[in-house]
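Chemist: Chains as they are written, first to last, in the working numbering: chain A, 30 to 526; chain B, 76 to 139.
(1) With a threshold of 8 Å on Cβ separation, who are the neighbours of residue 249 (chain A) within its own chain once the five nearest residues in sequence on each side are excluded?
(2) Could you tell me which uninterrupted alpha helix (DSSP H) segments, each at least 4 residues in length, are contained entirely in the region 456–510 of chain A, listed from first to last along the chain?
(3) Using alpha carbons as the reference points, say which of A:37, A:413, A:403 lies closest to residue 115 (chain B).
(4) If you draw a straight line from the C-alpha of residue 485 (chain A) to the C-alpha of residue 39 (chain A), how long is it?
(5) Is the region 274–288 of chain A in contact with the region 367–377 of chain A, if contact means three or more CB pairs nearer than 8 Å?
(6) Since residue 272 (chain A) and residue 232 (chain A) are thought to touch, with beta carbons under 8 Å apart, how far apart are those beta carbons, to the nearest angstrom?
(7) Could you check which residue in A:470, A:494, A:495 has the C-alpha nearest to that of residue 515 (chain A)?
(8) Between residue 105 (chain B) and chain A, is any beta-carbon pair separated by less than 8 Å?
(9) Under 8 Å between beta-carbons, which chain B residues line up against residue 227 (chain A)? List them in chain order, please.
(10) Can you confirm whether the region 34–50 of chain A touches the region 192–199 of chain A when touching is taken to mean that 3 or more C-beta pairs between the two stretches lie within less than 8 Å?
(11) Please state if the CB of residue 209 (chain A) and the CB of residue 183 (chain A) are separated by a distance shorter than 8 Å.
(12) Does chain B have any CB closer than 8 Å to the CB of residue 41 (chain A)?
(13) Can you grab the Cα-Cα spacing for the pair residue 200 (chain A) / residue 315 (chain A), in whole Å?
(14) Going straight from the alpha carbon of residue 267 (chain A) to that of residue 180 (chain A), what length do you get?
(15) Closer than 8 Å by C-beta to residue 84 (chain B): which residues in its own chain qualify, once you throw out the five before and the five after it? Chain order, please.
(16) Going by Cα to Cα distance, which pick from A:503, A:473, A:159 is closest to residue 462 (chain A)?
(17) Scan the region 390–414 of chain A for residues whose Cβ lies nearer than 7 Å to a Cβ of chain B and list them as they occur along the chain.
(18) Could you tell me the distance, in whole angstroms, from the CA atom of residue 424 (chain A) to the CA atom of residue 117 (chain A)?
(19) Nearest to residue 394 (chain A) by alpha carbon, out of A:368, A:376, A:410, A:409?
(20) May I ask you to report which of helix, strand or coil DSSP gives residue 100 (chain A)?
(21) Quick one: does residue 205 (chain A) have its CB under 8 Å from some CB of chain B?
(22) Quick one: Cα of residue 105 (chain B) to Cα of residue 442 (chain A), how far?
(23) Measure how close the beta-carbons of residue 44 (chain A) and residue 164 (chain A) come, nearest whole angstrom, since I'm counting them as under 8 Å.
(24) On the DSSP letters alone, give me the boundaries of the alpha helix (DSSP H) that residue 106 (chain A) sits inside.
(25) From A:62, A:278, A:77, pick the residue whose C-alpha is nearest to that of residue 70 (chain A); which is it?
(26) Tell me which residues share the same chain as residue 104 (chain A) and place their Cβ nearer than 7 Å to its Cβ, disregarding the 5 neighbours each side in the sequence.
(27) Tell me which residue opens and which closes the beta strand (DSSP E) that residue 236 (chain A) is part of.
(28) So does the region 203–218 of chain A actually touch the region 382–402 of chain A, counting three or more Cβ pairs closer than 8 Å?
(29) Curious, which full-length alpha helix (DSSP H) runs of at least 4 residues does the region 345–394 of chain A contain?
Structure representation (structure tokens):
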């Protein structure tokens, strides 16, 4: 049986300084420090004990493929909702806590946006030189520089990685028809004759390989980074780099929900009767991004052709049958599972009959409708600077400037629930234990990471509490324990007894 | 299970409704156009003043 699809989203935000030092690393540090000091009033740092981004899921030894890890002393903090908030390269990055299901993932992704908005406000209060930090939730600067929005999914180590690659590739090539955030033009093609007006995905054209370890160059559709952040004998954590950052909640829900189902089917070795192998996945991914009519056929390995919609319908049909045969408990709950299946079907149906009917649901459709309306009113061509500005400003997180916020997009999570997720951890994963310990004893938790907490009890040595199972340390498991412990020493004594 | 089958069967009916609603002269089409017009008015106000400079200045380092 497929294991629970614990999931999370890691978003690198774009950052711009208006009227100030343009250094993005300094700006990102200022932004996060402002939040930690002014808003969260919290300083627990990240523990790098567990980091090994060079390990390859295919079992390769490291052969200098990654640069050595240099301690940079960049800002790196853990929040009471269980999230990690830090400077990664030249961007502020927020990794959601481990979530039990796709809807919870939407909630914490949205809480991340609130955290970034509050960070901007706090940084503005601190800055006295008239400078302003502006954060964008997008994936490229329109000039060929891309930054990621990664997903992660808990998987059973028993599922062979080669099967993961085969099974997930057709989904990753085609899910952009609902999960793409859309953009004008291209950043990788130099030929004027080869310029699309619009692409479904911000990220698709940056992918160059089918499988690989890299994330910053020669980006692969399936990333092989093998960092389970959990017991490596039982689990793997699939690191997915192929997605766009979504503002649309429906798009995030579908992106995570459909991928969770596809991965569960891979664990249970459920396959389509028809082989879904795409002949040239990288080329197909680029072609699908440019096909806003959703009609271009993709060549399959068996010589037949299929559109991205055909492939998505095949996967959806397989998922329906899988749900009927085995249930979808691994999606967090059967109701989440059926909500994913129903919405997936509705959206594919909408894309097939009238994509613009999804303008309040999907990012690329909302953006395209806005662009078409703007072009119509101002009679401008696709290369008009105002359209590029509109494309960029769609992703501006400031409520006063965000175009997305003005579109009346469908919400899946109410605002009160989003706001509580800014401070409260998910109840159904180990994030609960991490977050509650940070809230209860902030002075005693010196560092934290995904799979451990380090306590300082005032006497040597520091005590590390391992959390090697993402499904333990939930509210069900430890709420009573935490409530009845009056000090961290008592907690550690009771945990070790 | 029965509920799910019902939902799937409902889809073709929804298609018919959608086709009826599409013509631009329909009340829904007019409403949509009016909403878009209001939205465009607002966006014309909120859009960054110097679009060319705004877009040119937005330069990021690659990440991940």
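All C-beta atoms, glycine included, are put in the ideal place defined by N, C-alpha and C.
Modeler: Reading from the atomic positions:
(1) Position 220 of the first chain holds residue 249 (chain A). The residues 236, 237, 238, 239, 240, 241, 242, 243, 270, in chain order, have a CB closer than 8 Å to that of residue 249 (chain A) in the same chain once the five nearest residues on each side in sequence are set aside.
(2) If one requires a minimum length of 4 residues, the alpha helix (DSSP H) runs lying completely within the region 456–510 of chain A are 460–469, in chain order.
(3) As a working mapping, residue 115 (chain B) is identified with position 40 in the second chain. Scanning A:37, A:413, A:403 for the CA closest to the CA of residue 115 (chain B) turns up A:403.
(4) For the purposes of this step, residue 485 (chain A) is taken as residue 456 along the first chain, with counting starting at 1. For the purposes of this step, residue 39 (chain A) is taken as residue 10 along the first chain, with counting starting at 1. Residue 485 (chain A) and residue 39 (chain A) have their C-alpha atoms roughly 29 Å apart.
(5) Because the criterion of three Cβ pairs below 8 Å is met, the region 274–288 of chain A and the region 367–377 of chain A touch.
(6) The residue given as residue 272 (chain A) occupies position 243 in the first chain. The residue given as residue 232 (chain A) occupies position 203 in the first chain. Confirmed, Cβ separation roughly 7 Å.
(7) Locating residue 515 (chain A) in the first chain gives position 486, where the first residue counts as 1. Here the closest residue by C-alpha is A:470.
(8) Along the second chain, read from residue 1 onward, the residue named residue 105 (chain B) stands at position 30. By this cut-off, residue 105 (chain B) is not an interface position.
(9) As a first step, residue 227 (chain A) must be located in the first chain, where it is residue number 198. Against residue 227 (chain A), chain B offers no close residue; the least beta-carbon distance is about 16 Å (beta-carbon pairs closer than 8 Å).
(10) Counting Cβ pairs under 8 Å, fewer than three are found: no touch.
(11) Along the first chain, read from residue 1 onward, the residue named residue 183 (chain A) stands at position 154. Along the first chain, read from residue 1 onward, the residue named residue 209 (chain A) stands at position 180. Taking a C-beta distance under 8 Å as the contact criterion, residue 183 (chain A) and residue 209 (chain A) do not qualify as a contact pair.
(12) Residue 41 (chain A) sits at position 12 when you count from the first residue of the first chain. With a threshold of 8 Å between beta carbons, residue 41 (chain A) makes contact with chain B.
(13) Reading the first chain from its first residue, position 171 is the one you call residue 200 (chain A). Reading the first chain from its first residue, position 286 is the one you call residue 315 (chain A). Just so you know, the alpha carbons of residue 200 (chain A) and residue 315 (chain A) end up roughly 14 Å apart.
(14) Along the first chain, read from residue 1 onward, the residue named residue 267 (chain A) stands at position 238. Along the first chain, read from residue 1 onward, the residue named residue 180 (chain A) stands at position 151. Here the C-alpha atom of residue 267 (chain A) lies approximately 8 Å from the C-alpha atom of residue 180 (chain A).
(15) Here residue 84 (chain B) is taken as the residue at index 9 of the second chain, counted from 1. At residue 84 (chain B) the pLDDT is 36, less than 50, meaning the model places this residue with poor confidence; the figure from the coordinates comes in the next sentence. Cβ neighbours of residue 84 (chain B) beyond the five flanking positions: none.
(16) The residue given as residue 462 (chain A) occupies position 433 in the first chain. For the set A:503, A:473, A:159, the Cα lying nearest the Cα of residue 462 (chain A) is the one of A:503.
(17) From the region 390–414 of chain A, only 402, 403, 406, 414 have a Cβ closer than 7 Å to chain B.
(18) Against the first chain, residue 424 (chain A) aligns to sequence position 395. Against the first chain, residue 117 (chain A) aligns to sequence position 88. Each residue's alpha carbon lies about 20 Å from the other.
(19) In the first chain, the residue the question calls residue 394 (chain A) occupies position 365. Selected option, being the one with the closest Cα: A:376.
(20) Position 71 of the first chain, counting from 1, holds the residue named residue 100 (chain A). Per-residue confidence for residue 100 (chain A) stands at a pLDDT of 38, beneath the threshold of 50, marking its modelled position as unreliable; the derived number appears in the next sentence. Coil, per DSSP.
(21) Here residue 205 (chain A) refers to the residue found at position 176 when the first chain is read from its first residue. With 8 Å as the cut-off, residue 205 (chain A) does not count as an interface residue toward chain B.
(22) Along the second chain, read from residue 1 onward, the residue named residue 105 (chain B) stands at position 30. Along the first chain, read from residue 1 onward, the residue named residue 442 (chain A) stands at position 413. Residue 105 (chain B) and residue 442 (chain A) have their C-alpha atoms roughly 30 Å apart.
(23) Counting from 1 along the first chain, the entry for residue 44 (chain A) is found at position 15. Counting from 1 along the first chain, the entry for residue 164 (chain A) is found at position 135. The C-beta separation of residue 44 (chain A) from residue 164 (chain A) comes to about 6 Å, placing the pair in contact by the 8 Å criterion.
(24) What you label residue 106 (chain A) is simply residue 77 of the first chain in a count that begins at 1. Not the alpha helix (DSSP H): residue 106 (chain A) falls in the beta strand (DSSP E), residues 105–107.
(25) Reading the first chain from its first residue, position 41 is the one you call residue 70 (chain A). Nearest option by C-alpha distance: A:62.
(26) Walking along the first chain from the start, residue 104 (chain A) turns up at place 75. Within the same chain, residue 104 (chain A) has close Cβ partners 58, 61, 62, 115, 116.
(27) For this step, residue 236 (chain A) is matched to residue 207 along the first chain. It spans 236–241 - the beta strand (DSSP E) in which residue 236 (chain A) sits, taken as one unbroken run.
(28) Taking 8 Å as the limit for Cβ pairs, the verdict is that the region 382–402 of chain A does touch the region 203–218 of chain A.
(29) Within the region 345–394 of chain A, the complete alpha helix (DSSP H) runs of at least 4 residues are 363–382.
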